[in-house]
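Below you'll find the structure, written out as structure tokens, and then a few comments.
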Amino acid sequence: MNATKLHDWHLAAGAKMAPFAGYDMPITFPLGAVEEHLVTRSSVGLFDIDHMGQVEVSGPGADAFVDRMVSARILDMKVWDARYSLLLNDRGTVIDDLFVYRLPSSWWIVVNASNRLEDVAWFGKHKPAGVTLVDHSDDTYMIAVQGPRAMELLDIAANAKISDYPRFTSGRAEVVGVPCLVGRTGYTGEDGVELFFPAADAVKVWTGLIAAGEKYGIVTKAIGLAARDSLRFEAGMPLHGHEISQDILPLEAGFKWACDFDKDFVGKAALLKAQEAGLTRKLVTVEVKGGVPREGYEVQDESGRTVGKVVAGMFCPTVKKFAANVLVDPAVSKIGTALRVIIRNKPVPAAVVKRPLYVPAYRR
Amino acid sequence: MTIDKNARYRSSHEWVRKDGNEMVVGISDHAQEALGDIVFVELPEVGKTIKQGETFGVIESVKAASDMYMPVGGKITAVNDGLSGDPAAVNREPYAGGWMIRFAPSDPKEWDGLMDPVAYEAECGKE
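Sequence lines, in order, name chains A and B. The first sequence: position 165 = 164 (numbering that gives the first Met the number 0), numbered continuously. The second sequence: position 20 = 19 (numbering that gives the first Met the number 0), numbered continuously.
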């Protein structure tokens with residue numbers, strides 16, 4: 000089991016820890032998952048996401064290589080832009096979802112911890128001579144600073160106008176004296192940044208941000224993975240292994256927007272074929288009245304016919320609703336459709352609702 | 000961890016307290032702490048008779064659903080309806096506002112077989 004450089008800090012703070020993607024990670028802090036979620040929506044949440052991986056691609060031919068490997072259009076990106084994309088296999092299903100940064104002389108690709116080795120192998124398999132692929136995951140630390148007051152905190156901690164960075168761009172800045180790559184990105188639906196810096200400085204950055212929050216009266220709290228999950232869920236962001244996976248096409252999960260059909264990319268042919276044949280499933284969000292819908296629960300239509308299974312479900316603290324993401328028969332995917340989720344052998348009324356439950360800050 | 004000295008306990012962490020001829024049930028402070036934030040509670044219908052050791056309801060935290068068991072068998076006379084709007088009361092005050100059910104015991108002697116506060120505290124220390 001791996002431990003992040005903040006492991007001791009988490010234990011001292013009283014976090015409940017559990018294994019995630021090979022790391023012993025904080026699931027909740029004593030504040031509790033619900034309050035952690037709410038404080039991220041009202042002020043600032045700090046997330047230790049060192050388990051995330053970072054891969055750098057450079058060299059002659061790197062542009063064409065990355066362009067062909069990822070589903071999104073990237074060649075129009077300016078230096079410092081950051082963009083969401085998918086990594087597909089030849090069947091068109093999702094190996095991973097990524098954030099791709101265009102740096103001055105390389106591509107910086109942020110990958111999920113649990114898929115890192117498979118991602119690196121997949122890139123490696125297609126990599127032409129002359130392109131260099133370096134996995135920086137072990138020497139790079141990653142912390143997310145998220146919330147409506149995150150940019151205010153960052154401007155103080157960096158003594159620079161990080162808040163001038165447009166959304167989905169990045170830059171280099173010293174945060175509490177540590178040189179960082181700063182991306183105005185995140186996974187909570189709030190404004191904020193993700194910081195990349197040398198792993199040795201993890202405690203310095205983390206405690207420095209907390210100290211700055213205290214000094215300037217900006218409530219800044221450590222947030223565990225439980226709240227990270229409910230924050231991303233409410234904001235309509237996918238978690239690999241749930242809304243997207245190697246068993247799910249991006250078209251089924253509503254990620255056609257992350258696929259650029261004007262270019263060639265790995266998996267495109269399979270997607271075109273699936274589109275022509277007609278999709279058999281569609282990802283919807285349902286609101287459930289009376290119980291917590293959880294992964295694996297069966298979903299039926301009003302006649303009792305099975306129409307899908309819950310891929311992720313939970314209590315959503317901001318909107319105060321129980322909701323689930325379900326891959327359903329497209330015939331029952333319209334907003335307002337009455338369904339039922341089988342909770343402990345009992346059908347509980349549910350209805351398809353508009354996604355996302357919480358509109359992310361960058362779309363407001 | 001706090002313990003209600005007037006209650007008796009099951010190893011599955013329900014407490015039961017005598018209140019006149021009736022008994023009141025909830026989950027212990029140790030249990031709410033281990034479960035984390037409670038987001039939903041499912042309770043039985045008033046009038047239902049449930050035997051000792053059988054499930055009377057379900058408590059759902061952020062991470063999981065757990066059954067709750069009757070410490071003593073009996074007929075349900077009241078349930079805590081307030082928990083539907085405020086399940087977090089179980090976290091805040093597990094022995095007071097976070098109570099679950101009230102019932103008329105079928106055999107009050109079943110109480111005698113439950114753990115007293117000292118035994119329960121020792122049991123929690125073993126976990």
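We treat Cβ as the ideally placed atom computed from N, Cα and C, and that holds for glycine.
Q: Name the residue from Thr305/A, Val298/A and Ala63/A whose alpha carbon lies nearest to the alpha carbon of His125/A.
A: Ala63/A
Q. From Arg364/A to Tyr361/A, what distance separates their C-alpha atoms?
A. In the structure displayed, chain A extends from 0 to 363; residue 364/A sits before or after that span and is not available.
Q) Quick one, which residues of the region 81-102 of chain B are near chain A if we go by CB-CB under 8 angstroms, in chain order? A) Ala87 and Asn90
Q | Burial state of Ser60/B, where buried means 16 or more other Cβ atoms lie within 10 Å | A | buried
Q.
What does the alpha-carbon distance come out to for the pair Arg148/A and Ser42/A?
A. 5 angstroms
Q) In the structure shown, what three-state DSSP assignment does His239/A receive? A) His239/A: strand per DSSP, three-state reduction.
**Q.** Spatial distance of Gly266/A from Val93/A (CA atoms)
**A.** 9 angstroms
**Q.** Segment contact, 8 angstroms Cβ cut-off, at least three pairs: the region 328-345 of chain A with the region 298-306 of chain A
**A.** yes
Q. Going by Cα to Cα distance, which pick from Asn5/B, Thr1/B and Phe102/B is closest to Val78/B?
A. Phe102/B
Q.
Going by C-alpha to C-alpha distance, which of Lys4/B, Pro70/B, Arg7/B and Asp28/B sits closest to Ala87/B?
A. Asp28/B
Q) Can you tell me whether DSSP reads Asn90/B as helix, strand or coil? A) helix
Q. Residues in the region 274-287 of chain A with C-beta within 9 angstroms of chain B's C-beta atoms, listed in sequence order?
A. none
**Q.** Identity of the residue in Ser65/B, Pro116/B and Arg9/B nearest Asp3/B by Cα
**A.** Pro116/B
(Q) Rounding to the nearest angstrom, what Cα-Cα distance links Ser11/B and Tyr68/B in this structure? (A) Taking the straight line joining both Cα atoms gives about 8 angstroms.
Q. Who are the Cβ neighbours of Val65/A in its own chain at under 8 angstroms, not counting the five residues just before and after it?
A. Val56, Ile73, Val99, Trp106 and Ile108
**Q.** Environment of Tyr119/B [buried if 16+ CB atoms lie within 10 Å]
**A.** Buried, by the Cβ-count rule.
Q. Taking only beta-carbon atoms, is Phe314/A less than 8 angstroms away from chain B?
A. yes
Q: Mind checking the region 21-42 of chain A against chain B and listing, in chain order, the residues whose C-beta falls within less than 7 angstroms of any C-beta there?
A: Thr27, Gly31, Ala32 and Val33
Q. Whose C-alpha, out of Leu282/A, Ala350/A, Thr131/A and Asp137/A, is nearest the C-alpha of Val325/A?
A. Leu282/A
**Q.** Ala276/A to Ala257/A span [Cα, whole Å]
**A.** 20 angstroms
(Q) For Val61/B, would you say it is in contact with chain A, using Cβ-to-Cβ distances shorter than 8 angstroms as the test? (A) True, the Cβ-Cβ gap to chain A drops below 8 angstroms.
(Q) Cutting at 8 angstroms between CB atoms, please list the residues of its own chain near Ala211/A, excluding the five before and the five after it. (A) Leu152, Ile155, Ala156, Val175, Ile217 and Thr219
Q.
Do Ala20/A and Ser113/A have their beta-carbon atoms positioned less than 8 angstroms apart in this structure?
A. yes
**Q.** Where Phe254/A falls, given that 16 or more other Cβ within 10 Å makes a residue buried
**A.** Result: buried.
Q | Element boundaries [alpha helix (DSSP H), containing Ala221/A] | A | Here Ala221/A belongs to no alpha helix (DSSP H); instead the beta strand (DSSP E) covers Thr219 to Ala221.
Q: For Gly289/A, write down the residues that DSSP places opposite it in a beta bridge.
A: Looking at the DSSP assignment, Gly289/A forms no beta bridge with any residue, so it has no partner.
Q. Which word fits Pro127/A, buried or exposed, when buried means at least 16 other C-beta atoms lie within 10 angstroms of its C-beta?
A. exposed
Q.
Is Gly188/A close to chain B? Criterion is C-beta to C-beta, closer than 8 angstroms.
A. no
Q. Ends of the beta strand (DSSP E) at Trp14/B?
A. Glu13 to Asp18
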